[in-house]
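Data first, discussion second: the structure below is written as structure tokens.
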């Protein structure tokens, strides 16, 4: 039933796929190559922009099967780092085998989202705070997809997930039915040739393309 929600919600069992731990270590430059592949697909020369969009997709592919299972009343898949795999072209996630432990927010954050954010910052200098905004946005976006498929998600649980450090402070979940999300950073999508502002962006109008982040990355909003 997860497949009815979309391709991000399913995980194939593929022990031959590469270990995600290799991405986090950038072993043999595999993460650099993946960022460059995304940059070419997105038609941008800015590697930090490609890294941001890659991370947003990565986070969505992590949240989707977990939240999808919760919406169906099923235990989430086992996504410990030793089991999670990735495929390069097209980019996607898989697992090495059927696991025995249900994924928890701590596993997703500590074993995957945090090391991937650090690795992308190291190879492209994209701001880590921006990437946590992407992770929070992907979480809320996943819940939105589930609602569109008639699977309402407890807003209290969403708030609890957004309160898990370091997602805490990445944005604000506004009251409403469904609740809207306003992030405190920008994913840089507007810098792509066909890009614009996302519905949850901190900006109300796109900054000038001449604008650049401060050298410390603090202006990457």
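Residue numbers (the working numbering): 12 to 232.
In this text, a Cβ means the ideal position worked out from N, Cα and C, and glycines have one as well.
Model, not experiment: these values are computed from the prediction.
query, result
"Classify residue 153 as helix, strand or coil using the three-state DSSP reduction.", "helix"
"Using only alpha-carbon positions, find the residue among 181, 145, 201 and 134 that is nearest to residue 273.", "It is not possible to answer for residue 273, since the shown part of the chain is limited to 12 through 232."
"Applying the 10 Å Cβ sphere with the 16-neighbour rule, what's the burial state of residue 31?", "buried"
"I'd like to check one pair, residue 73 with residue 90: are the Cβ atoms closer than 9 angstroms?", "yes"
"Where do the N-terminal and C-terminal ends of the alpha helix (DSSP H) with residue 69 fall, by residue?", "58 to 82"
"Between the alpha carbons of residue 50 and residue 68, how many angstroms are there, rounded?", "14 angstroms"
"Kindly indicate which residue of 116, 37 and 59 has the alpha-carbon position closest to the one of residue 175.", "116"
"Under the three-state reduction of DSSP, which class applies to residue 194: helix, strand or coil?", "strand"
"Find out if the Cβ-Cβ distance for the pair residue 23, residue 153 is shorter than 9 angstroms.", "no"
"Would you mind reading off the limits of the beta strand (DSSP E) that contains residue 182?", "182 to 184"
"So, using beta-carbon positions, are residue 62 and residue 155 closer together than 9 angstroms?", "no"
"Would you call the segment 30 to 45 and the segment 96 to 104 touching, i.e. three or more CB-CB distances under 8 angstroms?", "yes"
"Taking only three categories from DSSP, how would you classify residue 207?", "coil"
"Take the Cβ of residue 131 as the centre, count every other Cβ of all protein chains shown within 10 Å, and call the residue buried at 16 or more, exposed below.", "buried"
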